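Numbering (the working numbering), first residue to last: 167 to 622.
Where a beta carbon is used, it is the ideal one built from N, C-alpha and C, also for glycine.
Quantities reported herein were computed from a predicted structural model and do not represent experimental measurements.
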Amino acid sequence: MPARLRLLRAVTVLLVTGLALLLTLAGLSASGTWNAVAGRDAPRTTSAADLELALNDMDAQVANLLLANGDAGKGRLRTPYEKAVGFYGDARDEIGHDLRTLAVAAQGDRGDERTVESLTDSFAEYQELVGRALENDRRAGGRADALADYRRATDLAQGQLLPEARDLVSSNNAVFNSEYVSASSALSAQLFAVVALGVLLLVVLGSLQWYLSRRFQRTLNASLLAASVCALLAVVLGAQLLSAAREDLHGARRDAFDSVVALSRARAIAYDANADESRYLLDPRRREQYARAFLAKSQELYGVEGASLGTYDSQLAATWREYRADHQVLRFTGEFRRELDNITFAGERSAAERTVETYAVYQRDDRTIRRLLAEGDESGAVEFCMGWERGTSNAHFEAWMGALGDVTAINQRHFDRFVDAGRSDVGELLPSALGALLAAAALTVLGLRARFAEFR
Numbered sequence: 167m168p169a170r171l172r173l174l175r176a177v178t179v180l181l182v183t184g185l186a187l188l189l190t191l192a193g194l195s196a197s198g199t200w201n202a203v204a205g206r207d208a209p210r211t212t213s214a215a216d217l218e219l220a221l222n223d224m225d226a227q228v229a230n231l232l233l234a235n236g237d238a239g240k241g242r243l244r245t246p247y248e249k250a251v252g253f254y255g256d257a258r259d260e261i262g263h264d265l266r267t268l269a270v271a272a273q274g275d276r277g278d279e280r281t282v283e284s285l286t287d288s289f290a291e292y293q294e295l296v297g298r299a300l301e302n303d304r305r306a307g308g309r310a311d312a313l314a315d316y317r318r319a320t321d322l323a324q325g326q327l328l329p330e331a332r333d334l335v336s337s338n339n340a341v342f343n344s345e346y347v348s349a350s351s352a353l354s355a356q357l358f359a360v361v362a363l364g365v366l367l368l369v370v371l372g373s374l375q376w377y378l379s380r381r382f383q384r385t386l387n388a389s390l391l392a393a394s395v396c397a398l399l400a401v402v403l404g405a406q407l408l409s410a411a412r413e414d415l416h417g418a419r420r421d422a423f424d425s426v427v428a429l430s431r432a433r434a435i436a437y438d439a440n441a442d443e444s445r446y447l448l449d450p451r452r453r454e455q456y457a458r459a460f461l462a463k464s465q466e467l468y469g470v471e472g473a474s475l476g477t478y479d480s481q482l483a484a485t486w487r488e489y490r491a492d493h494q495v496l497r498f499t500g501e502f503r504r505e506l507d508n509i510t511f512a513g514e515r516s517a518a519e520r521t522v523e524t525y526a527v528y529q530r531d532d533r534t535i536r537r538l539l540a541e542g543d544e545s546g547a548v549e550f551c552m553g554w555e556r557g558t559s560n561a562h563f564e565a566w567m568g569a570l571g572d573v574t575a576i577n578q579r580h581f582d583r584f585v586d587a588g589r590s591d592v593g594e595l596l597p598s599a600l601g602a603l604l605a606a607a608a609l610t611v612l613g614l615r616a617r618f619a620e621f622r
């Protein structure tokens with residue numbers, strides 16, 4: 167009998183030790199996952215998206231500077247020009263910051279390292295071309311040379327800088343997604359293992375209680391009963407920790423960050439489309455090219471099959487009315503559809519819908535610009551495109567970007583909340599579970615001490 171009791175005690179202690187080790191490793195792994203998500207995976211994806219946006223913004227502001235400058239400063243649109251100067255400087259500073267951030271993040275990934283190096287070199291060439299364009303535009307009769315330099319600069323941006331920036335967004339987002347899938351699978355496996363070991367531990371403790379009751383003619387061993395309660399508590403806390411971590415990770419990645427990525431892409435596309443309007447007015451030789459580019463980017467944001475610039479507004483309005491009547495009817499594609507398919511949080515749907523509605527206003531402004539130009543009112547088209555007064559295109563674009571920022575902020579706040587909750591669970595539940603296991607082992611040893619004494 168003493169040998170059997172020692173065997174059961176040893177099995178119990180081994181199971182407690184194994185469960186404690188498993189929970190410790192799982193907790194450390196979960197903590198490492200949250201550190202990677204918040205400190206590496208999400209920031210480098212958003213930095214790449216910010217870089218794409220800033221490149222689009224900088225190129226747009228160059229077009230705006232040339233368009234608003236008049237003839238070597240004569241007839242300059244003062245407010246649009248001054249705003250473009252400020253936005254241009256902000257975008258250039260943001261690009262420098264993002265390139266430095268991405269260079270650090272790319273270390274160890276040779277593909278991303280090469281992309282960042284190429285971006286850095288190409289951006290230096292782009293700045294040289296832009297500098298020449300702006301310098302030429304400041305002198306009388308320099309508009310043709312300025313426009314030629316700008317064509318080369320914007321072609322470099324569209325042909326190399328922006329595709330490489332988009333590749334970085336996709337690459338970093340794919341790495342984040344892969345690590346999310348791996349971490350989620352690991353948490354599921356750890357949860358299964360914790361439950362299995364926990365059940366086995368409870369079975370052994372129950373068997374030990376039954377054996378003592380039968381052999382020593384006692385109903386219950388109070389210490390073993392308390393050990394069983396502690397073991398059950400540890401299993402519940404451990405399972406809660408891993409289950410909550412898996413749910414928080416899903417919420418952070420799928421519910422929140424998937425939307426952040428879609429909305430960041432939408433913002434970058436929006437700035438590029440807005441730049442196409444300025445390019446359209448600036449460069450008569452390429453107007454057809456820039457009109458096609460504007461439509462293509464509009465389709466990336468809110469895609470309606472078969473739409474042209476002439477029919478896009480009516481088709482957008484029709485498909486949007488159908489959606490508002492029934493949220494299950496989404497007869498459009500693009501980044502806005504991606505967001506509306508992933509509505510999760512309070513206030514998110516209304517914010518996303520407001521974004522599409524302000525976008526529709528901006529789209530109608532584009533048709534006004536083209537109509538004014540077709541009617542021969544080029545100065546009116548330029549002033550409406552570049553003005554910041556209420557009712558102008560830039561004012562409506564700013565309202566659209568504000569609405570887009572609101573829905574992005576909702577998802578970013580919940581991403582941060584999921585990360586904080588995941589870290590908090592590890593810090594609170596893991597010590598409690600390990601403490602309960604330690605108590606279970608101590609109570610088991612204590613409960614058997616009196617029984618061993620009877621054999622002395």
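Not a single unbroken stretch of the alpha helix (DSSP H) spanning 4 or more residues falls wholly within the region 332 to 400. With distances taken between CA atoms, Arg458 lies nearest to Glu443 out of Phe511, Gly588 and Glu443.
By the Cβ rule, the region 249 to 263 does not count as touching the region 305 to 322, because fewer than three pairs are nearer than 8 Å. In the assembly as shown, Ser545 is an exposed residue. Its beta-carbon has fewer than 16 other beta-carbons within 10 Å. Judged by DSSP in its simplified three-state form, Gly325 adopts helix. Using a 10 angstroms sphere on the CB of Gln356, the tally of other CB atoms reaches 16 or more, which defines it as buried. Taken atom to atom, the span from the alpha-carbon of Ser344 to that of Asp321 is near 34 Å. For Ala518, same chain residues with a beta-carbon under 8 Å away, outside a window of 5 residues either side, are Phe502, Glu505, Leu506, Ile509 and Val573 in chain order. Following the DSSP letters along the chain, one finds Ile261 inside the alpha helix (DSSP H) bounded by residues Arg244 to Ala271. Gly553 sits in coil when the DSSP states are folded into three classes, being neither helix nor strand.
Note: Thr499 is bridge-paired with Gly469 in the DSSP secondary-structure output. For the pair Arg332 and Glu466, the CB atoms are not nearer than the 7 Å cut-off.
For the pair Asn201 and Leu194, the Cα-to-Cα distance works out to about 10 Å. Excluding five sequence positions before and after Val548, the CB atoms of its chain that fall closer than 7 Å to its own CB belong to Leu233 and Leu447, given in chain order.
Assignment of Asp449 by DSSP, reduced to helix, strand and coil, places it in the coil class. With contacts defined as CB atoms closer than 7 Å, Leu268 and Ser337 fail to qualify as a contacting pair. Going by DSSP, Glu488 is part of the alpha helix (DSSP H) stretching over Tyr478 to Ala491. Asp591 is positioned such that its CB atom lies closer than 7 Å to that of Leu407. In the assembly as shown, Glu594 is an exposed residue. Its beta-carbon has fewer than 16 other beta-carbons within 10 Å.
Looking at the DSSP output, Lys463 sits in no beta bridge, so it has no partner there. Straight across, the Cα-Cα distance linking Ala215 with Ala575 is about 15 Å. By a beta-carbon distance limit of 8 Å, Ala319 does not contact Leu300. Their separation comes to about 10 Å. Taking all protein chains in view, the Cβ of Pro246 is crowded by 16 or more other Cβ atoms within 10 Å, so the residue is classified as buried.
Listed in chain order, the non-local C-beta contacts of Glu523 below 6 Å within the same chain number zero, local neighbours out to five positions each way being set aside.
Contact fails between the region 407 to 420 and the region 478 to 490, because fewer than three Cβ pairs, one in each stretch, are under 8 Å apart.
For Phe289, the enclosing alpha helix (DSSP H) stretches over residues Arg276 to Asp303. Going by beta carbons, Ala434 and Phe581 fall outside the 7 Å limit.
Considering only Arg497, Tyr456, Arg451 and Arg452, the residue with the shortest C-alpha distance to Gly469 is Arg497.
One alpha carbon belongs to His263, the other to Leu328, and they sit about 16 Å apart. In the DSSP assignment, Gln529 falls within the alpha helix (DSSP H) that extends over Glu514 to Ala540. A straight line joining the alpha-carbon of Ser474 with that of Val402 spans about 59 Å. In its chain, beyond the 5 residues on either side, Ala411 and Val592 have a beta carbon closer than 6 Å to the beta carbon of Ala196.
Straight through space, the alpha carbons of Arg530 and Ser480 are spaced by roughly 10 Å. Beta bridge pairing from DSSP links Asp421 with no other residue. Exclusion of the five residues before and after Leu612 leaves Ser389 as the residues of its chain whose Cβ lies within less than 8 Å of its Cβ. In this structure the region 421 to 434 lies against the region 219 to 238, because at least three pairs of beta carbons, one per stretch, are closer than 8 Å.
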